[in-house]
Each structure stands twice: as C-alpha cells, then as structure tokens.
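Residue numbers (the UniProt record's numbering): 1 to 454.
Report on the structure given below.
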Amino acid sequence: MKGLVLGGVSSGVGKTVATLATMQALSDAGQTVQPAKAGPDFIDPSHHEAIAGRPSRTLDLWLSGEDGIRRNCARAAETGGADAGTDPDICLVEGVMGLYDGDASSTAMVAAALDLPVVLVVDAKAGMESVAATAYGFREYAAEIGRDIDVAGIIAQRAHGGRHEQGIRDALPDELEYFGRIPPNADLEIPDRHLGLEMGSEAALPRSALREAAETIDTDRLLAAAREPAAPETPAEPAAPVDATVAVASDAAFCFRYPATIERLRERAELVTFSPVAGDPVPDCDGVYLPGGYPELHAAALESAGTLAQLGDRASDGLPVFGECGGLMAMSRSLTATGGGGAGTDTDTEPTTHDMAGILPADITMHDRYQALDHIELEAIDDTLTARAGDTIRGHEFHYSSADVDSDARFAFETVRGKGIDGEHDGLLAYDSLGTYAHVHPESGAFDRFLESL
C-alpha cells in the first residue's frame, strides 16, 4: 500500500472536500482507498468512511508516538482495514490545520514520520501566480527549518477551469506537480456546528457533486507520486485475551471512537454494543465503555429512554464504567443545555436540564464557546481503570461543556498538560467507574489496562 498526505496552507482551506474528491477520483480509477486523518479528529473520518467504505485511521504523534502511527498504517495495509474486505491500494491521509501548525502533532510531523509526500491544498479563489508562490514557499520552508518533508505538488481548491487553471499550472515551478483542482460548487460544502463539521452519516456530500469534482483530479500523477509508508521499528504483537465482555455505547450520542480502540477491545475481549438513545437495556457485561459524541443533542431522549438510569444502578453495584468526554457528561448527575445560542441548542429556547446516569458527582453545563481544545497529558494519582499510579497517558480534549464538581469529589489524574476537568485534574471517580474529558488512543495502553482491570 502506497500513501499520500493532503495538507492545507491553513485551517478552513477545504482539505476535507479536497480529500473526499480525491478519494472519489481514486476509487473511480479502480483503486481501493484506505482513508486516514492526521490529528485526533472524529468527525472528518466519518466523512472519509462514507466515501471510501472503510474506517479512517487516526494518525497522531502525541496520542500514539511515531512507531504507533506507523503500526496503525501497517495494520490497515495488512488487514484491509479490519472489517473492510479487500486490501487497500493507497492510503490517503487528510491533514490537520495548516501543514506546519501544531506543536504536538502537525501534518508535517505525521508526513515526516511516515515518509509520505505531501499534496498541498491551496485556495485559488482569488489567485493564479500567487498560488504557485504560496506552494513554493511551503516547499522551501521545510528545507529552511531542517524538516524532511516532500511537498510534491498542489490541488487548487475553488479554482475555475480555462485561463484560471492554466495560469496556475504555468506558474508552478518544475519541482511542483499540478494534481488538479476542486471547482467552486455550493454542493461541496459540509454544514458545521460546535466541535466541527456535521458527521458523515448526517451530511454526506452528494456523490454527483463529488464525481464532478473528481473528474478534475489527475489520478495517474497522484499514483506516480505516492510511495510506501515507513514501516514500524517494533511491529504490533498480539495481546493475551481477557475473559471479559465489554459493552460499548454506539449511537448518535456516542459516536466518537477510534477504529483502533474497537479493534483492540475485540481482539482481547467479547464486545457487544447498545444504544442508550434507543433505550436498549445495559447488556450483561463485565464493563462498559461510553465514547464521546453528542449527548447534549440527545439529552431529552437519553433522559426518557431509561438506559442511563439503569447504568447508574449497575455502576452503584460495582459495574466498571469508563466514559470519555460525552461519556463523562452522560455519567454525571445532570446536563444543562443553555439557551440563547448555547452550543448544540436552539437559539431561542430557555435553558433545559436533563437527568443523566448519576454515577459521577458533577453537573454539566453547555456553553457558547469551547472550554478546552488541546493535546493533554495526565499522571495517575492512584491505580485506576486506565492507568496505574504514577503512569502518564496522553490524549486529546475538545469540549463546549464544563463540570460543576462536588467539593469532596475524587480525581484519578493530575494534568501535566491541558485543562482536564478543573484546570489541575481530570478523571472523576465513583464506585469502580471513571469519567474523563480526555480521549485516549489504544496505543496509550489505557484500554489494555481497562480490560485487565475487569
């Protein structure tokens, strides 16, 4: 499997649309595409999967380490993306923010770690020769700062054909390839909300518009530029199975989970899923994992369905529950969606408060602006579900909610980097359960520890 990285000159340049159009073009050319995302995002990968038909891999140096992202890439090549069937021909990695942006895991760092060439997405709406100058600057900057990054060429976003396209092509220096353009098209816009774009299952781009854009992409040049990603120095080793059943919440309220996490749980234990929004009963299991997602958009349904109340009863009887971000919110006593434009709410409604599972001693409030956005590092105070005392684990936090925590609440972690729950701690403890604002990747070892503690 060969690979390419699509990096942007900045956030908002249209990387996701360019990536989806390129996936469509390669698929139409008979290539089996393995999607991937640089950075810890859950939303863009849902759009990848809608087009490529296989889970998108998460490639983040802070979460997984250099060898970890190489193992993740290799796993996709070896297994055909776990449940995806045929082995992929090419891995297409969508970048995060601008190419060089991010101190913990930029797109450039991921491209360098995997030794993959970069296709630069440049906004050409109001430029021709300046587009070439921008791309050339991005290529030369790598050498200036001593980074081994190969900017191979560009895709011109929002570029017309004819004189506009020709002007861009003529201005590009010989060492930069022109891989095509994404024409302006209102149908190629994905609605957004707090936390980013809407999920792929909710707002998938029209295939007709994507195929029209795909016709402007030069797949032969892309395939010629692609190369094999760097192999991991330490291949993944199978872990011993655990005699346990893990129940994973899976629905529109709990949809933020990495494919590698589900794979790891399935490798080592029996995995069953259930929907709290639909009112499914909590399965017979040894532990529950509540991923992040959008409980604030489904708070009324979660309250009335009864599953969370049942989960609270089971947790008080000793069932271990591990919740991340949205999972933490659902494990708390209550969730208040603010009126007047609060994230995920109608702008003209009064604040509404809904009962949640009541496991954790906290009440959650949604806000208009995000409360935390960063890579995070945590140090375990004592042994807990996802770490042993003194261990450090790395993750990511991005949320619009805050937690009002009881004064006598117990925390699992001190924050080395990031905000956590109160600026100094993350990981609320109650019974044998744990809720964090941090999302972690299985390469951190957190999910192995979770399984082994059941």
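Every residue, glycine too, gets a C-beta built ideally from N, C-alpha and C.
Q) Exposed or buried, residue 332, counting other C-beta atoms within 10 Å across all chains shown (16 or more means buried)? A) Sequence index remark: in the sequence shown, residue 332 carries index 332 (1-based). Residue 332 is buried by the Cβ-count criterion.
Q: Identify, in the order they occur along the chain, each residue of the same chain with its Cβ nearer than 8 angstroms to the Cβ of residue 112, setting aside the five sequence neighbours on each side.
A: Position 112 of the sequence shown, counted from the first residue, corresponds to residue 112. For residue 112, where only same-chain residues beyond five positions count, the Cβ hits under 8 angstroms are 147, 148 and 149.
Q) Taking the C-alpha atoms as reference points, what is the distance between residue 404 and residue 362? A) The residue you call residue 404 lines up with position 404 of the sequence shown. The residue you call residue 362 lines up with position 362 of the sequence shown. Distance between the alpha carbons of residue 404 and residue 362 is about 5 angstroms.
Q: Please state if the CB of residue 334 and the CB of residue 371 are separated by a distance shorter than 8 angstroms.
A: Your numbering for residue 371 matches position 371 in the sequence shown. Your numbering for residue 334 matches position 334 in the sequence shown. Going by C-beta atoms, residue 371 is not nearer than 8 angstroms to residue 334.
Q: Thinking residue 428 and residue 328 are a contact (beta carbons under 8 angstroms), I'd like their distance in whole angstroms, please.
A: Taking the first residue of the sequence shown as position 1, residue 428 is located at position 428. Taking the first residue of the sequence shown as position 1, residue 328 is located at position 328. Correct: roughly 7 angstroms between the Cβ atoms.
Q | Reduced DSSP category for residue 91 - H, G, I as helix; E, B as strand; rest coil | A | For the purposes of this step, residue 91 is identified with residue 91 of the sequence shown, where counting begins at 1. Residue 91: strand per DSSP, three-state reduction.
Q: Output the distance between the C-alpha atoms of residue 153 and residue 353, rounded to the nearest integer angstrom.
A: Counted from its first residue, the sequence shown places residue 153 at position 153. Counted from its first residue, the sequence shown places residue 353 at position 353. About 51 angstroms.
**Q.** Inside the stretch 42-69 only - beta strand (DSSP E) runs reaching at least 3 residues
**A.** 57-59
Q | Reduced DSSP secondary structure (H/G/I, E/B, other) of residue 267 | A | Residue numbering aside, residue 267 sits at position 267 when the sequence shown is read from its first letter. The answer is helix: DSSP assigns residue 267 an H, G or I state.
Q. Quick one: is residue 81 buried, meaning 16 or more other Cβ sit within 10 Å of its Cβ, or exposed?
A. Taking the sequence shown and counting its residues from 1, one reaches residue 81 at position 81. For residue 81, the predicted structure reports a pLDDT of 44, less than 50, and the residue's modelled location is therefore unreliable. A value from the coordinates is still provided. With 16 or more other Cβ atoms within 10 Å, it is buried.
**Q.** residue 440 (DSSP reduced to helix, strand or coil)
**A.** The residue you call residue 440 lines up with position 440 of the sequence shown. If DSSP states are grouped into helix, strand and coil, residue 440 belongs with the strands.
(Q) Please report the distance separating the alpha-carbon of residue 346 from that of residue 295. (A) Looking up residue 346 in the sequence shown gives position 346. Looking up residue 295 in the sequence shown gives position 295. Unreliable positioning characterises residue 346 in this predicted model, as indicated by a pLDDT of 47, which lies under 50. The coordinate reading is nonetheless provided below. Roughly 15 angstroms between the two C-alpha positions.
Q) Looking at the structure shown, is residue 482 part of a helix, part of a strand, or coil, going by DSSP? A) Residue 482 lies beyond the stretch modelled for the chain, which goes from 1 to 454, so this question has no answer here.
Q: Could you please give the first and the last residue of the uninterrupted beta strand (DSSP E) stretch that includes residue 181?
A: Residue mapping note: residue 181 aligns to position 181 of the sequence shown, counting from 1. Its beta strand (DSSP E) spans residues 177-182.
Q | Bridge-paired residues (DSSP) for residue 304 | A | Translated into the one-based positions of the sequence shown, residue 304 becomes position 304. Paired residues: none, contrary to the question.
Q.
Quick check: the Cα distance between residue 395 and residue 168, rounded to an integer number of angstroms?
A. In the sequence shown, the residue the question calls residue 395 occupies position 395. In the sequence shown, the residue the question calls residue 168 occupies position 168. Computed Cα separation, rounded: 40 angstroms.
Q: Give the secondary structure of residue 10 by DSSP, where H, G and I count as helix, E and B as strand, and everything else as coil.
A: The residue you call residue 10 lines up with position 10 of the sequence shown. Note: residue 10 maps to coil in three-state DSSP.
Q. To the nearest angstrom, how far is it from the Cα of residue 217 to the Cα of residue 99?
A. Position 217 of the sequence shown, counted from the start, is the residue given in the question as residue 217. Position 99 of the sequence shown, counted from the start, is the residue given in the question as residue 99. Rounded to whole angstroms, residue 217 to residue 99 spans 21 angstroms at the Cα level.
Q.
Rounded to the nearest angstrom, what separates residue 142 and residue 156 at their Cα positions?
A. Taking the first residue of the sequence shown as position 1, residue 142 is located at position 142. Taking the first residue of the sequence shown as position 1, residue 156 is located at position 156. Distance between the alpha carbons of residue 142 and residue 156: 20 angstroms.
(Q) How far does the beta strand (DSSP E) with residue 222 in it extend, from its first residue to its last? (A) In the sequence shown, the residue the question calls residue 222 occupies position 222. Segment 219-225 is the alpha helix (DSSP H) holding residue 222; no beta strand (DSSP E) there.
(Q) Just to confirm, is the Cβ distance from residue 449 to residue 387 under 8 angstroms? (A) For this step, residue 449 is matched to residue 449 along the sequence shown. For this step, residue 387 is matched to residue 387 along the sequence shown. In this structure, residue 387 lies closer than 8 angstroms to residue 449 by Cβ.
Q. To which residues does DSSP link residue 398 through a beta bridge?
A. Indexing the sequence shown from 1 puts residue 398 at position 398. Answer is 373, bridged to residue 398.
Q) Of all the options 430, 420 and 416, which has the alpha carbon lying nearest to the alpha carbon of residue 408? A) For the purposes of this step, residue 408 is identified with residue 408 of the sequence shown, where counting begins at 1. That would be 430, whose Cα lies nearest to the Cα of residue 408.
**Q.** Residue environment, residue 177, which counts as buried when at least 16 other CB atoms sit within 10 Å
**A.** As a working note, residue 177 is residue 177 in the sequence shown. By the 10 Å Cβ count, residue 177 comes out buried.
(Q) Could you compute how far the alpha carbon of residue 249 sits from the alpha carbon of residue 422? (A) In the sequence shown, the residue the question calls residue 249 occupies position 249. In the sequence shown, the residue the question calls residue 422 occupies position 422. Those two C-alpha atoms are separated by around 26 angstroms.
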